[in-house]
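Novice:
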Amino acid sequence: MCTAPADSLLLLHEARAVADTLLGDVLRQPVAKALDVGTAAGMDRAVALLAARLRRAVGRADVDAMREAVAVLDVDWRTTTAVQRRRLVAQALEAAGRRTAVIPSRIQAPLGDAAEEVVASTRSHARREQGLALAARFNTVDRRIAQHIVRTQGNFVRDEYGRRLDAFGEEARRLVAEGLEAGLGRSDIAESLERAARGALIERAPFYWEVVASHFVSQGRSFAQVSSYAEAGIRRYRIEAVLDEATTQVCRFLHGKTFSVGEALQRFERLESLERPEDVKQELPWVRERLDADTGRALLYVNRGGQETRLAEVLRSAAGTRDDVGEFRALASDRQLADAGVGFPPYHGLCRTTTLAVT
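Numbering (the numbering used here), first residue to last: 1 to 359.
1) For ALA227, count neighbouring Cβ atoms within 10 angstroms of its own Cβ and tell me buried if that reaches 16, exposed if not.
2) Tell me which same chain residues have a C-beta within less than 8 Å of the C-beta of LEU88, skipping the five on either side of it?
3) Any contact between the stretch 336 to 348 and the stretch 270 to 290? By contact I mean 3 or more CB pairs, one from each, below 8 Å.
4) What residue range does the alpha helix (DSSP H) around TYR347 cover?
5) Can you tell me whether SER214 is buried or exposed? The criterion is at least 16 other CB atoms within 10 Å of its CB, across all chains shown.
6) For the alpha helix (DSSP H) holding ASN155, just list the boundary residues, first then last.
7) Assuming VAL314 is part of the beta strand (DSSP E), what are its boundary residues?
8) Quick one: complete alpha helix (DSSP H) runs, 4+ long, within the stretch 194 to 248?
9) Is LEU134 closer than 7 Å to ALA57 when the C-beta atoms are compared?
10) Does the distance from the C-beta atom of LEU35 to that of SER121 stay below 7 Å?
11) Would you identify the three-state DSSP class for SER260, choosing helix, strand or coil?
12) May I have the straight-line CA-CA distance separating VAL37 from ALA241, to the nearest angstrom?
13) Report yes if the C-beta distance between THR39 and ALA65 is below 7 Å; otherwise report no.
14) What's the call for ASP62, buried or exposed, on a 16-neighbour Cβ count within 10 Å?
15) Give the straight-line distance between the Cα atoms of ALA200 and ARG60, rounded to the nearest whole angstrom.
16) Rounding to the nearest angstrom, what Cα-Cα distance links ARG418 and ALA246 in this structure?
17) Please report the Cβ distance between SER260 and PRO346, rounded to the nearest whole angstrom; I am assuming they are in contact, meaning their Cβ atoms lie under 8 Å.
18) According to DSSP, what are the bridge partners of PHE328?
19) Checking the sheet assignment: what are the DSSP bridge partners for LEU356?
20) Going by the CB atoms, is the gap between ALA69 and ALA197 shorter than 7 Å?
21) Using the Cβ count rule (16 or more neighbours within 10 Å means buried), how would you classify ALA52?
22) Buried or exposed, going by whether 16 or more other CB atoms sit within 10 Å of the CB of ARG128?
23) Inspect the beta-carbon positions of LEU331 and ARG310 and report whether they are closer than 7 Å.
24) By how many angstroms is the C-alpha of LEU111 removed from the C-alpha of SER222?
25) Residues in its own chain within less than 7 Å of PHE216 by CB, not counting five upstream and five downstream?
26) I'd like to know whether the C-beta atoms of ALA357 and GLN130 end up nearer to each other than 7 Å.
27) My output table needs one value for GLU275: the three-state DSSP class, helix, strand or coil.
28) Is the distance from the Cβ of ASP142 to the Cβ of VAL176 below 7 Å?
29) DSSP on LEU284, reduced to helix/strand/coil?
30) Helix, strand or coil: how does DSSP classify ARG322 here?
31) Alpha carbon to alpha carbon, how far is PHE138 from GLU272? Give it in angstroms, no decimals.
32) Does the separation of the CB atoms of LEU350 and TRP209 fall below 7 Å?
33) Please report how far the alpha carbon of VAL427 lies from the alpha carbon of TRP77, in whole angstroms.
34) What's the call for THR140, buried or exposed, on a 16-neighbour Cβ count within 10 Å?
35) Using only CA atoms, which one of PHE253, ARG235, GLU278 and ARG164 lies nearest to GLY262?
36) Using a Cβ-Cβ cutoff of less than 6 Å, which residues in the same chain neighbour ALA190 once the five nearest sequence positions on both sides are dropped?
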């Protein structure tokens, strides 16, 4: 049987868990079972394992959705009216939607387990590596964090599949209209519709779950770190990027910036009251990069509700290098960065940046 690297890692992880149980329960040998999301290697492993668990939970839902949609759309389009064509596309989306509707509920269990693991690992790392005085048990905020990240990630996934279906519906209508205008037959139009459905529902899926897992683990770690800092009486923390060849300009610029623990907790409390994914994105926007038309230099910025806030201009890029942040001209103070919603990671997809207590 051939498996993807992350799926193979999941098999190895589960095999190790069985071995750990035997050692602990049968041979009475102590073993370390927990992941350590406080290290770069531990973070990578946690993301890979969660992505594999999510793909396993989803199973064949993407494939089934594509097949349902294509089956409805496999008709002789030349004999249909415009009204019938619109109805057929709507029926195809409804059929596919029934299959993808189960996905948010199926991922709840692996996300719930991962949330507990991330918070526990974060607290353990803060005690062990940063020397923070923390209780062994989760505090109230920790439990709220676990519930929040599971709920919001489920909403994000539901929203994503809704957008995929909407995009496929628009593409399907266009392909049918263009196919009829070009005089294409049933098989040619069906083939183009299947390619579009596959692109919207299947081909994007594998990497998508890596992004979901990375965002989930990174955000859970950041929230749990802030909770640990508050419990330990820490007032400020600083951003700590992994400075290697893969580090983005965004994380290089934010490396070393300091923020308030109290204000970070207030932002989390605001996030708890939000339900719509778009509102969450506005509260915690990802930092983006583009070239300035006037200077030709790279600009780092966030966009909230159509309003762009410039954060920095890249004077010297250190992209592709180790242990070098590069040079930037800051266009926003740390205070303004916090107000813009970039007080803690993740700052972009697959972000590895973390935080450290300022003692």
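All C-beta atoms, glycine included, are put in the ideal place defined by N, C-alpha and C. Every value quoted in this text rests on a predicted model; they were computed, and no experiment measured them.
Specialist: The relevant details are as follows:
1) Correcting the residue identity first, residue 227 is Ser in this sequence and not Ala. Buried: at least 16 other Cβ atoms inside 10 Å.
2) VAL72, LEU73, VAL75 and THR80
3) yes
4) Where TYR347 is concerned, there is no enclosing alpha helix (DSSP H), given that its DSSP letter is neither H nor E.
5) buried
6) 140 to 181
7) 307 to 316
8) 205 to 231
9) no
10) yes
11) strand
12) 14 Å
13) no
14) buried
15) 15 Å
16) Past the edges of the chain, shown from 1 to 359, lies residue 418, and the structure says nothing about it.
17) With 8 Å as the limit, SER260 and PRO346 do not qualify as a contact, their Cβ atoms being about 19 Å apart.
18) VAL314
19) ARG238
20) yes
21) buried
22) exposed
23) yes
24) 16 Å
25) LEU50, LEU111, ALA114, ILE149 and GLN153
26) yes
27) coil
28) no
29) coil
30) coil
31) 18 Å
32) no
33) The chain is shown only over 1 to 359; residue 427 falls outside these bounds and no answer can be derived.
34) exposed
35) ARG235
36) ASP74
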